[in-house]
Structures are given as C-alpha cells and as structure tokens.
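The sequence shown begins at 1 in full-length UniProt numbering and counts up one residue at a time. Backbone N, C-alpha and C fix where the C-beta goes; we use that ideal spot for every residue, glycine too. Quick caveat: nothing in here was measured; it's all calculated off a predicted structure. The structure appears right after this line, and notes come after that.
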Amino acid sequence: MDVVLELADEYVLDHVWNATASLAAPWQDTLIGSAIMSSKGVGLGGTVFPRSNLFRQIVSLYSITYAGIFLLYFAFATASYYLIFNHEMMRHPRFLPNQVRREIKASLDAFWVLDWLTLPWFLGEVRGYSKLYHNIDDYGMIYAVLSVPFFLIFTDVCIYWIHRLEHHPRLYKHIHKPHHRWIIPTPFASHAFHPLDGYAQSLPYHIFVYIFPLHRWIYMGLFVFVNLWSILIHDSDMICNTPLENIINGPSHHTLHHIHFNVNYGQYFVWSDRLGGSYRAPKMEDDPMHDVVAEKKQLQRKQQQQVVATAAAAAAAGAAAAALYEKRP
C-alpha cells in the first residue's frame, strides 16, 4: 500500500493536506504537541501535516483503502455480473428475493469496518515495518518471479485452515454464517461477509509481507488479483472436466462449497482440500442449473394445468349456460 500512498500524495493528497493545514493553522501549536500529530520534521510548505505525519497517514490510508476496495468491487463485480454470470441462476429455488441488492448492502456494511481492521497492517508497511522492497535487484529477478507462486501457496494454505475453522459450530453462526446466506451467489456476494470473516481470511496476505520479502509492485498486483479472484469464484458457474480442475480451486469448486457447505475450503488450489479430506470434484450432475431447469418445467406444468383447468371451467360454464338456455319456455 506504500506505493499507492506515494502516488496519491504526489498527485492529490499533498494539495489536499496543505489546504487542510491552512485551515488548522489556529491550532498548529496544539496539533504539533500531540502524540498522533507529532513527526520528525515539518513537511512540504511548512505544513503541520507532512507525509510522515501519523495522523495524515491514518486518514490517507483509510480513505485510499476504502475508495480502492469500493472501485475494485463495483468495477469487477459489475463486469462479472453482466458478462459472465448466468442470469438464469436467479430463477433457482434457493436464490433469495432481492438477493443482489442485499449482497451489495452487506458488502458496503462490511467495507468501512474491514478497512479499520486492516489499517494497522497498511500503516506498518508505510512506516517501514514490513519486508516490502523497492528494487528488484535487492533479491534478484528469480526470487521476484518465484515470490508470486510462493505467496499464492502460502496464503492458500493459511486461508484453507482459517476458512475451515470458521465452519466450527462455535464460530460459524457468529462470523461466517452471513456469507453462506448466499447459497446461489452472484459476483456481488464476493465481499458480502461479516467484517471479522473478511478480516480473518485476509490476514495471510498481510502477514506474508511481514515474514517474507516481496516487491511492492508485485504486492499491489497480487492485491488486485486477490479481489478479482474472489469475485470470479462467486459466479455460480459449473464448468467441469477442465485440464486444471484437479489443481485450481475455481468457480465450480466454490459453487459446490456454497451449496454443500463443508467442501472445497481452499482459495486458489485444491491441494489443502485433498489433504484435509474436504475435496469434492465438480460434476455435471451437481450443476445448480439442473434445479433451475426443473423449477422452470414445474412452473410450466403448473401453468399448463391452470390453462387446462381454466378451459375446463369455461367449458363447464358454457355448457351450463347452454342447458339453461334450452330449458327456457
């Protein structure tokens, strides 16, 4: 997040904070004397809010994080919803009334709390406590390339066990149950969770850069990828018999997790599920679209029965009317 803050400072926030500092001038002595406002030196233009100022970093990081997740969520989820998600799934008998609206509301309710929870991790990165590095030459190109699969494997294993722990009865109803409200999820369900649920499953991403070196641009790319992947696996798709099916935990696997509850806890790969005995391979007979088709056929039968019943009632009424007509003197 340090690279994003640097860019935001350069092009936007320096101007914003300089303007803010002029408004705060009457309280400058008090602000500089406070613990949260104090810094090692005066920054741009003599402002009491230099880039190293703790208060400025907290406010800036929170604002950037909220704006970033908001834009990523709506950009990617909307694209997936209109371009990938099969809208016929909304006819599924377990698809909730007004579900899309409820998924979006749940996500927005979670964002502002989740951002506060993750803020200390981002603040630590900006203040130099993580192992994020700037120059590829510091560890070499080979390490930079290998750090990507290492990050994905490390976080996948950690998230598997966090996710599985959240399914424990003592935790599930308090933290994870809100996300399983969406049995047939849409891409907008990707972030529709309890804030503690989202935070717990995000911890491996933050912990990684405090244990292992990672180039900061690679970290930002992975941050975007993680959010995109979370959206893609919530499209309720059931693509089976693919070459990577036994390696990648894709949309089909996660669709089965939402339907069957206690299978396919992994995030990217299926290895942890295989080792943990929770793996369930996607099969065409598990496709929730079968229920949609069955529901549609049942509705058509009911409509046909109603048409037949209406026609029979009309015929009976006509016959009765004709009989009465013939009995007239």
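Residues that DSSP places opposite residue i in a beta bridge
i: His215; result: Tyr133
i: Phe269; result: Ile248
Residue from the options with nearest C-alpha to residue i
i: Phe150; options: Glu166, Asn264 and Ile218; result: Ile218
i: Phe70; options: Ala106, Asn86 and Phe95; result: Ala106
i: Ala77; options: Ser63, Pro195 and Pro185; result: Pro185
i: Lys17; options: Ser63, Pro243 and Asp197; result: This sequence places Trp at residue 17; Lys is not what is there. When each option's Cα is compared against that of Trp17, the closest is Ser63.
i: Tyr160; options: Glu125, Tyr205, Ile239 and Met141; result: Tyr205
i: Leu152; options: Trp116, Trp229, Ala314 and Ala281; result: Trp229
i: His234; options: Trp182, Gly221, Gly276 and Phe223; result: Trp182
i: Leu96; options: Val4, Ala189, Asp109 and Gly68; result: Ala189
i: Gly277; options: Ile231, Asp287, Ala75 and Asn262; result: Asn262
i: Ile211; options: Thr65, Gly124 and Glu103; result: Gly124
i: Thr155; options: Ile104, Leu117, Ile207 and Phe122; result: Ile207
i: Leu117; options: Ile84, Asp137 and Tyr66; result: Tyr66
i: Pro288; options: Met141, Met90 and Val157; result: Met90
i: Ala110; options: Val100, His179, Phe223 and Ile136; result: His179
i: Ser52; options: Gly128, Met141, Ala317 and Cys240; result: Gly128
i: Glu88; options: Ala75, Phe74 and His290; result: His290
i: Tyr139; options: Pro213, Leu119 and Trp121; result: Pro213
i: Arg102; options: His191, Glu10 and Lys302; result: His191
i: Asn241; options: Met284, Leu203, Ala19 and Asn249; result: Met284
i: Pro93; options: Thr310, Asp14 and Val293; result: Val293
For residue i, the three-state DSSP class (helix, strand or coil)
i: Asp237; result: coil
i: Val263; result: coil
i: Ile84; result: coil
i: Ile18; result: In the sequence on display, residue 18 carries Asn and not Ile. In this structure, Asn18 counts as helix in the three-state DSSP scheme.
i: Lys283; result: coil
i: Ile183; result: coil
i: Arg127; result: coil
i: Asn98; result: coil
i: Tyr139; result: coil
i: Thr242; result: coil
i: Ala192; result: coil
i: Gly43; result: Legend: pLDDT at Gly43 = 44, less than 50; position of this residue unreliable, value from coordinates given subsequently. Reduced to three states, the DSSP call for Gly43 is coil.
i: Pro204; result: helix
i: Gly198; result: helix
i: Met1; result: coil
i: Arg51; result: coil
i: Ser278; result: coil
Whole-angstrom C-beta distance between residue j and residue i, which should lie under 8 Å
i: Leu132; j: Val59; result: Not a contact, Cβ separation roughly 21 Å.
i: His253; j: Val270; result: 7 Å
i: Leu114; j: Tyr199; result: 6 Å
i: Gln57; j: Val126; result: 6 Å
i: Arg274; j: Leu256; result: Incorrect: roughly 14 Å between the Cβ atoms, too far for contact.
i: Leu232; j: Ser80; result: 6 Å
i: Phe74; j: Ser236; result: Not confirmed; about 19 Å, so no contact.
i: Pro282; j: Met220; result: Not quite, the Cβ-Cβ distance comes to about 32 Å (not below 8 Å), so this is no contact.
i: His167; j: His174; result: Incorrect: roughly 12 Å between the Cβ atoms, too far for contact.
i: residue 332; j: Ser272; result: Outside the displayed span of the chain (1 to 329) sits residue 332, for which this structure offers no information.
i: Tyr265; j: His194; result: Rounded, the Cβ-Cβ distance is 17 Å, inconsistent with contact.
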